[in-house]
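Enquirer:
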């Protein structure tokens, strides 16, 4: 038996939307098999993983906290990937954004007024953009592979954060713990409904940014340029679109989004700088972008789904006694199955039995 | 054994996993396929090798398990990108994410357990020769295998008919297909070879380099191996040179940390990654060499028309 791909005469638009759903269903089935292999009743385990975390108000708030950086970075990466710029260093751009934004309340703890938070957000964006600028410059000027440079910079950013939190920015009143001083009240993003849970306005910022990017991509000339450069570089050249400028645009935009995500994470949920600011959100955002069909609006839904896997991992640890590493496995499975199902957009799959057709067609 | 011998030995030990993973990926890329999942396959090899060696008490069986698991993991990538013609960049990333997740799940109960270390060779008279003795005759067995792999791959790619066919597929899969060459079969074998090498490299990490299991213990080595292939502009001998250069950088920074040099240890840890970026920029200056050697079909899916 063999599998053959038959090219469709035109891409199937319905499959573009069915494929992520199909991929999610397959990932859940694979998850059920994995749970039984680990000796847990699959129905009970899936319930604990996917339903329980959203059955109570406070944990819905946790979902929104985790979704905010995923949506922001996922939306930025959509633009990057659509324009054929493979930025896989969002994690590093997020970290540098967090460091830049945190500089204000850490270095100037006595400046406490209403201007400080907006300034922090701007600094965060600038930090992320600056860090995204490096691979963009290397790609545009030297044709250096951006996949490898942006990824290498993640490790460098992690070390920078580790050094700064253990060294110069360590809390002077902090009993030698590796963490910065706590941000003062003016430097914290307020919570939306403090009576119900911890979710802060960062989630709203994320959704607004994603919608704005979605509109930009669908309605503006710039959005059109992104799509043309990505799908047909030759046509873009004839149209006079500058693919070098697009490299900078895509990386600065995605870097800015990641930097904003970084400062939202530390000024929102944690309230101080610690040796790690993210459990790999920057890499998970790649999955968000794909699951959301490389569409910033889709990234909002996909960001919530991926945020749920993080909560599910914690729930699996608490109520099933399993490792929270399950979350990472689920995230990998989701991307894997979505990519597999994406084949159906361009091709029909035919199973053929018997001998293979040999030789030239 | 003196200080110099010790340093040379550790450089070789640090370079060996990079070399093995990179030489495997080189074959994959020569066939026109870009597998960014090296890190994921490597970490699967590391956990598989450690667990099996721990259960059987035999590091050799562990190494075989590491190779098998690496190849098996690469088959997932092969199925998606070759049979289903999925996007290679994204699939490679998903393989890395999946590998890191599955390996930490598999290895959780083995964190902190003593491992089975594969010993170094010790040939009585030869290893006693000062300097060259231990460096040439006193390494771990995988070291010799890695050198053998470079020679074998070089010979295969440039001296055999199958190697020529593989390279021609990487340069133009349409022409190769028109000549009746089974493109996808070649690519499947290349991808599995790359997976087996990545698995072996991981096994070397958890059974020779640091005989223990630590979550994410590959720590970016898979990505450095990918960079090495670009650095080497797809030539096996240059991969060897590059791997030893990086081995020297990473051992150098360890020694610098031990000596307590007045530089933050984090900067030294980041050094291999910074060096990779610098080297990649320098190598991309050499446009001619890159143009000649880059497989033209790299990263492009192929669907045979029937």
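Chains as they are written, first to last, in the numbering used here: chain A, 1 to 361; chain B, 362 to 667.
We put the beta carbon where it would ideally sit given N, CA and C, even for glycine.
#1: Could you give the C-beta distance for residue 332 of chain A and residue 458 of chain B, rounded to a whole number, given that I count them as a contact under 8 Å?
#2: What residues of chain B sit near residue 333 of chain A, judged by a beta carbon separation below 8 Å?
#3: Can you give, in chain order, each stretch of the alpha helix (DSSP H) that sits fully within the region 96-152 of chain A and has at least 4 residues?
#4: In chain order, which continuous runs of the beta strand (DSSP E) of length 3 or greater are located wholly inside the region 551-623 of chain B?
#5: Quick check: is the beta carbon of residue 142 of chain A nearer than 7 Å to any beta carbon in chain B?
#6: If contact is defined by three or more beta carbon pairs under 8 Å, each pair taking one atom from either stretch, is the region 443-456 of chain B in contact with the region 326-344 of chain A?
#7: Leaving out five residues before and five after residue 420 of chain B in sequence, what residues of the same chain have Cβ atoms less than 6 Å from its Cβ?
#8: Pull up the distance between the alpha-carbon of residue 577 of chain B and that of residue 9 of chain A, whole angstroms please.
#9: Among residues of its own chain, excluding the 5 on either side of residue 373 of chain B, which ones have a beta-carbon nearer than 8 Å to its beta-carbon?
#10: Less than 7 Å between CB atoms is the rule here; does residue 584 of chain B satisfy it with respect to chain A?
#11: In the DSSP assignment, find the unbroken beta strand (DSSP E) run with residue 347 of chain A in it and report its ends.
#12: Could you compute how far the alpha carbon of residue 56 of chain A sits from the alpha carbon of residue 34 of chain A?
#13: Kindly list the residues whose CB is nearer than 7 Å to the CB of residue 296 of chain A, restricted to its own chain and excluding five residues on each side of it in sequence; keep chain order.
#14: Counting Cβ pairs, one atom from each stretch, are 3 or more of them under 8 Å apart for the region 378-393 of chain B and the region 551-570 of chain B?
#15: Could you give the distance in angstroms between the alpha-carbon of residue 665 of chain B and the alpha-carbon of residue 440 of chain B?
#16: Less than 6 Å separating the Cβ of residue 3 of chain A from some heavy atom of the ligand PLP?
#17: Within the continuous beta strand (DSSP E) that includes residue 7 of chain A, where are the two ends?
#18: Within this structure, are the beta carbons of residue 282 of chain A and residue 91 of chain A separated by less than 7 Å?
#19: Under 7 Å, Cβ to Cβ, is there at least one residue of chain A near residue 659 of chain B?
#20: Residues in the region 87-100 of chain A with C-beta within 8 Å of chain B's C-beta atoms, listed in sequence order?
#21: Does the distance from the CB of residue 393 of chain B to the CB of residue 559 of chain B come in under 7 Å?
#22: Taking CB distances under 7 Å as the criterion, tell me whether residue 474 of chain B reaches chain A.
#23: Answer with yes or no whether the minimum CB distance from residue 450 of chain B to chain A is below 7 Å.
#24: Measure from the C-beta of residue 162 of chain A to each C-beta in chain B and report whether the shortest distance is under 7 Å.
#25: Can you pull the chain B neighbours of residue 339 of chain A, defined as C-beta to C-beta under 7 Å?
#26: Along the region 391-420 of chain B, what residues have a CB closer than 8 Å to any CB found in chain A?
#27: If you follow the alpha helix (DSSP H) that residue 277 of chain A is part of, which residue opens it and which one closes it?
#28: Taking the runs of the beta strand (DSSP E) that are 3 residues or longer, which of them lie wholly in the region 207-260 of chain A?
#29: Taking one C-beta from the region 103-111 of chain A and one from the region 228-235 of chain A each time, how about it: are there three or more such pairs within less than 8 Å?
#30: Taking the beta carbon of residue 405 of chain B as the centre, do at least 16 other beta carbons fall within 10 Å, making it buried, or is it exposed?
#31: Against chain B, does residue 329 of chain A count as a neighbour if the rule is that its beta carbon must be under 7 Å from one of theirs?
#32: Would you check if the distance between the CB atom of residue 198 of chain A and the CB atom of residue 271 of chain A is smaller than 7 Å?
#33: Under 7 Å Cβ to Cβ from residue 471 of chain B, same chain only, skipping five residues before and after it: list those, please.
#34: Scan the region 247-264 of chain A for residues whose Cβ lies nearer than 8 Å to a Cβ of chain B and list them as they occur along the chain.
#35: Looking at C-alpha atoms only, which residue of A:324, A:236 and A:257 is the closest neighbour of residue 311 of chain A?
#36: Hey, residue 402 of chain B and residue 468 of chain B are a contact pair by Cβ (cut 8 Å); roughly how many whole angstroms apart?
Expert: Put simply:
#1: 4 Å
#2: Neighbours of residue 333 of chain A on chain B, chain order: 459.
#3: 116-142
#4: none
#5: yes
#6: With a cut-off of 8 Å on Cβ pairs, the region 326-344 of chain A is in contact with the region 443-456 of chain B, counting three or more such pairs.
#7: 414, 477, 479 and 568
#8: 44 Å
#9: 496, 500, 504, 605 and 608
#10: yes
#11: 347-352
#12: 26 Å
#13: Cβ neighbours of residue 296 of chain A within its own chain (closer than 7 Å, five residues either side excluded): 75, 78, 210, 213, 214 and 217.
#14: yes
#15: 15 Å
#16: This structure lacks the ligand PLP, and indeed carries no ligand of any kind.
#17: 2-7
#18: yes
#19: Not one chain A Cβ lies under 7 Å of residue 659 of chain B.
#20: 88
#21: no
#22: no
#23: At least one chain A Cβ lies under 7 Å of residue 450 of chain B.
#24: yes
#25: Per Cβ cutoff of 7 Å: 441, 447, 448, 451, 452 and 455.
#26: 397
#27: It is not in any alpha helix (DSSP H) - residue 277 of chain A carries neither H nor E in the DSSP assignment.
#28: none
#29: no
#30: buried
#31: yes
#32: no
#33: The answer, listed in chain order, is 411, 412, 415 and 574.
#34: none
#35: A:324
#36: Actually they do not touch by this definition, with Cβ atoms about 15 Å apart.
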